[in-house]
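**Q**
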């Protein structure tokens with residue numbers, strides 16, 4: 002265990018960085034972009050944040066790095082929005098003046114400190130290469146790749162920020178992007194600051210730098226909640242990063258947990274901002290701990306509010322768990338003070354802060370999330386379980402015991418949670434029993450953690466989202482379960498039975514994590530093993546570069562690369578992500594689930610696209626173009642596979658340029674681009 006706690010040497014860090022940059026170069030990324038982004042992160046985000054943390058005295062509270070990252074990220078968020086609004090990208094480099102002045106003022110205090118990551122750092126480097134770098138390699142470097150459509154959804158959001166603020170949904174024209182977009186804003190900020198490609202920043206840089214920041218914050222958050230015993234702090238960090246479900250080798254078949262614990266994959270890739278959300282959840286939790294110290298520094302309220310705002314912008318559902326959890330802790334404290342007739346001044350101060358946090362969440366919710374939540378989230382006690390590993394068992398029980406079925410549902414909630422997080426759920430339950438045994442003597446920060454764990458998993462089971470986004474509630478619950486579970490283990494560790502059970506359950510968690518890592522490596526070496534069926538080719542990437550240069554601001558294109566099929570998935574996001582240009586409708590699944598688009602409107606646009614690509618002549622295709630659409634992108638590759646809007650029916654696009662109604666501006670072996678004359 003000592004090797005897990007020892008500081009990473011500078012030589013080891015250089016080797017890890019060199020290996021990562023080599024992998025990025027092999028994947029088609031530009032190493033210079035990575036280096037400029039790293040320089041910017043150090044000098045214009047972390048350094049100003051550290052200056053603010055030093056001025057506040059955050060080091061005395063054990064939050065030096067956490068406060069630095071929260072303050073620095075807050076400044077970066079504001080500057081990125083300003084640069085997106087104005088188009089003056091040099092605004093992002095203004096903190097460099099502050100950093101230079103601060104370094105000069107404190108030049109005698111400058112020192113090199115490395116994190117406790119002797120084994121973690123190389124392991125994270127290798128796994129991030131396997132999970133994020135190689136699978137997201139440029140098609141031009143790999144020849145062809147199997148695209149992760151969630152990644153290309155994120156990439157399209159980044160490109161939208163580069164086009165201006167507020168961002169629009171590039172996949173579905175006419176709608177503003179109402180979504181927890183903080184990670185994409187960060188990617189856009191790094192892209193503007195470095196002058197590099199949004200693809201390289203989103204695929205290769207931001208996942209790595211977010212993991213490093215998460216590592217620092219997890220250690221400080223764990224140290225506050227778990228005390229000075231570094232063994233258990235390190236265990237908490239390892240569980241958060243690598244803990245798996247109870248499926249063991251079953252993960253290897255497809256790389257997905259049958260019990261849905263895909264936290265490790267999400268953290269390594271940061272797709273949909275899970276790593277960013279976990280980073281600011283840990284920062285907010287650390288801030289909550291500081292609020293209950295004897296002397297609460299004023300800056301703790303500011304840091305807590307900033308961390309919560311960043312958390313909600315990064316992962317809205319997680320913010321929806323953290324805010325009520327803090328309120329529950331404050332209600333517990335105030336009730337306890339009233340019962341024991343203790344002074345209420347400090348509890349009421351904290352309660353007022355909790356009310357402010359709830360109001361802040363309500364404001365962000367109404368601004369960004371209410372449209373999608375109103376159309377795609379439904380209350381259903383067995384909606385989540387109805388998609389689970391136990392669906393057949395539940396169906397049999399419902400058929401045989403219809404009267405008892407509602408009473409059995411909570412038992413399956415517990416069973417699914419134990420399979421989802423064997424260690425965290427089991428020892429969190431043990432922690433709950435300890436709390437009851439001690440007659441409710443828990444400190445308010447632990448009430449906050451317990452409310453977060455319980456609320457996260459209850460929301461996971463009670464709300465059903467058509468895109469399965471209730472999973473993010475479970476990830477929030479998992480974070481708190483691991484925190485409570487490690488604390489319970491540390492308290493009960495002297496008992497041999499606890500050591501045996503803890504070791505066995507941890508072995509299951511890390512064995513499953515190891516199987517996930519094995520699959521990620523195998524998938525990087527043999528991408529053809531992916532279950533997805535349509536590749537993205539180098540020729541298509543080349544065509545999207547042409548589309549980026551040919552289309553003018555305000556123009557819109559229509560494409561046949563729309564996955565409809567019997568399921569009407571509408572999950573193609575690749576052309577908008579690669580080109581950064583507005584599409585009439587490339588994908589519609591997330592437009593329905595996040596933006597409040599109705600299924601009827603999506604179906605109407607599918608029919609419009611079918612009318613265009615069913616045309617016999619160029620004149621007919623031009624007449625069928627929806628209003629405001631000037632460009633047609635025809636994917637031969639998608640049409641040949643039957644993975645397009647026509648679902649395998651023949652298209653005569655190769656003859657459209659003959660009558661002069663459409664001009665062919667680009668063609669290669671996989672793609673044709675037309676412009677209406």
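In this note's numbering, the protein residues as written are 2 to 678.
All residues carry an ideal CB built from backbone N, CA and C; glycine is no exception.
Values in this document were obtained by computation on a predicted structure and should not be read as measured data.
Assuming residue 148 and residue 575 form a contact by the criterion Cβ under 8 Å, report the distance between their Cβ atoms to the nearest whole angstrom.
**A** So it is a contact: roughly 5 Å between Cβ atoms.
**Q** Of the residues 476, 554, 399, which one's Cα is nearest the Cα of residue 580?
**A** By alpha-carbon distance to residue 580, the top candidate from 476, 554, 399 is 554.
**Q** Is the separation between the beta-carbon of residue 477 and that of residue 323 shorter than 9 Å?
**A** yes
**Q** Please report the Cβ distance between residue 58 and residue 298, rounded to the nearest whole angstrom; I am assuming they are in contact, meaning their Cβ atoms lie under 8 Å.
**A** Contact flag correct, Cβ pair sits at about 7 Å.
**Q** Rounding to the nearest angstrom, what Cα-Cα distance links residue 413 and residue 220 in this structure?
**A** One C-alpha to the other measures close to 33 Å.
**Q** In chain order, what residues of the same chain lie with their CB nearer than 7 Å to the CB of residue 409, ignoring the 5 residues before and after it?
**A** Within the same chain, residue 409 has close Cβ partners 398.
**Q** Tell me which same chain residues have a C-beta within less than 7 Å of the C-beta of residue 225, skipping the five on either side of it?
**A** When the five nearest sequence neighbours on each side are left out, the beta carbons in the same chain lying within less than 7 Å of the beta carbon of residue 225 are those of 63, 287, 290, in order along the chain.
**Q** When the Cα of residue 247 is compared with those of 428, 183, 262, 311, which residue comes out closest?
**A** 262
**Q** Which residues in the same chain have their Cβ closer than 6 Å to the Cβ of residue 96, if we skip the five residues on either side of it in sequence?
**A** 45, 49
**Q** Would the stretch 72-87 count as touching the stretch 184-198 if we require 3 or more Cβ pairs under 8 Å?
**A** Using a C-beta cut-off of 8 Å, the stretch 72-87 makes contact with the stretch 184-198, since at least three inter-stretch Cβ pairs fall below that distance.
**Q** With DSSP as the reference, label residue 668 as helix, strand or coil.
**A** strand
**Q** Reducing DSSP to helix, strand and coil, say where residue 583 ends up.
**A** Shown here, residue 583 sits in a strand according to DSSP, grouped into three states.
**Q** By DSSP, does residue 690 sit in helix, in strand, or in coil?
**A** No answer is possible for residue 690: it lies beyond the span of the chain, which begins at 2 and ends at 678.
**Q** Where does residue 146 sit, in a helix, a strand or coil, going by DSSP?
**A** strand
**Q** With three or more beta-carbon pairs closer than 8 Å as the criterion, would you say the stretch 237-257 touches the stretch 417-435?
**A** yes
**Q** Determine the burial state of residue 105: buried for a count of at least 16 other Cβ atoms within 10 Å of its Cβ, exposed for fewer.
**A** exposed
**Q** Excluding the 5 residues preceding and the 5 following residue 538 in the sequence, name in chain order all residues of the same chain whose CB lies nearer than 7 Å to its CB.
**A** Excluding sequence neighbours, residue 538 sits near 140, 145, 638, 671.
**Q** Distance, Cα to Cα, residue 179 vs residue 254?
**A** 35 Å
**Q** Going by DSSP, which residues form a beta bridge with residue 673?
**A** 635, 668.
**Q** Could you check which residue in 335, 160, 41, 330 has the C-alpha nearest to that of residue 91?
**A** For the set 335, 160, 41, 330, the Cα lying nearest the Cα of residue 91 is the one of 41.
**Q** Which of the three DSSP states is assigned to residue 535 in this structure?
**A** Note: residue 535 maps to coil in three-state DSSP.
**Q** Tell me, which residues are paired with residue 663 by DSSP?
**A** Partner(s): 677.
**Q** With a CB to CB cut of under 6 Å and the five nearest residues on each side skipped, what residues in its chain are close to residue 71?
**A** 284, 304, 307, 308
**Q** Which of helix, strand or coil does DSSP assign to residue 365?
**A** helix
**Q** Could you tell me whether the stretch 203-210 touches the stretch 261-280, using the rule of 3 or more Cβ pairs below 8 Å?
**A** yes
**Q** Just reading off the alpha helix (DSSP H) that residue 624 is part of, what are its end residues?
**A** 619-625 is the extent of the alpha helix (DSSP H) around residue 624.
**Q** Looking only at its chain, what residues have a beta carbon closer than 8 Å to the beta carbon of residue 260, apart from the 5 residues adjacent to it on each side?
**A** 246, 247, 248, 389, 390, 417, 420, 421
**Q** Since residue 315 and residue 215 are thought to touch, with beta carbons under 8 Å apart, how far apart are those beta carbons, to the nearest angstrom?
**A** The Cβ separation is near 12 Å, so there is no contact.
**Q** Among residues of its own chain, excluding the 5 on either side of residue 30, which ones have a beta-carbon nearer than 6 Å to its beta-carbon?
**A** 201, 205
**Q** How many whole angstroms separate the CB atoms of residue 446 and residue 330, which I take to be in contact at a CB cut-off of 8 Å?
**A** 7 Å
**Q** Could you give the residue range of the beta strand (DSSP E) that holds residue 466?
**A** Per DSSP, the continuous beta strand (DSSP E) segment holding residue 466 begins and ends at 464-466.
**Q** Whose C-alpha, out of 443, 152, 544, 172, is nearest the C-alpha of residue 589?
**A** 172
**Q** Within 10 angstroms of the Cβ of residue 385, are there 16 or more other Cβ atoms? Answer buried if so, exposed if not.
**A** buried
**Q** Tell me which same chain residues have a C-beta within less than 8 Å of the C-beta of residue 335, skipping the five on either side of it?
**A** 345, 348, 349, 352
**Q** Leaving out five residues on either side along the sequence, give the residues of the same chain with a beta carbon under 6 Å from the beta carbon of residue 67.
**A** 218, 221, 284, 287
**Q** Would you kindly check if the distance between the Cβ of residue 154 and the Cβ of residue 578 is under 9 Å?
**A** Result yes, Cβ atoms of residue 578 and residue 154 sit closer than 9 Å.
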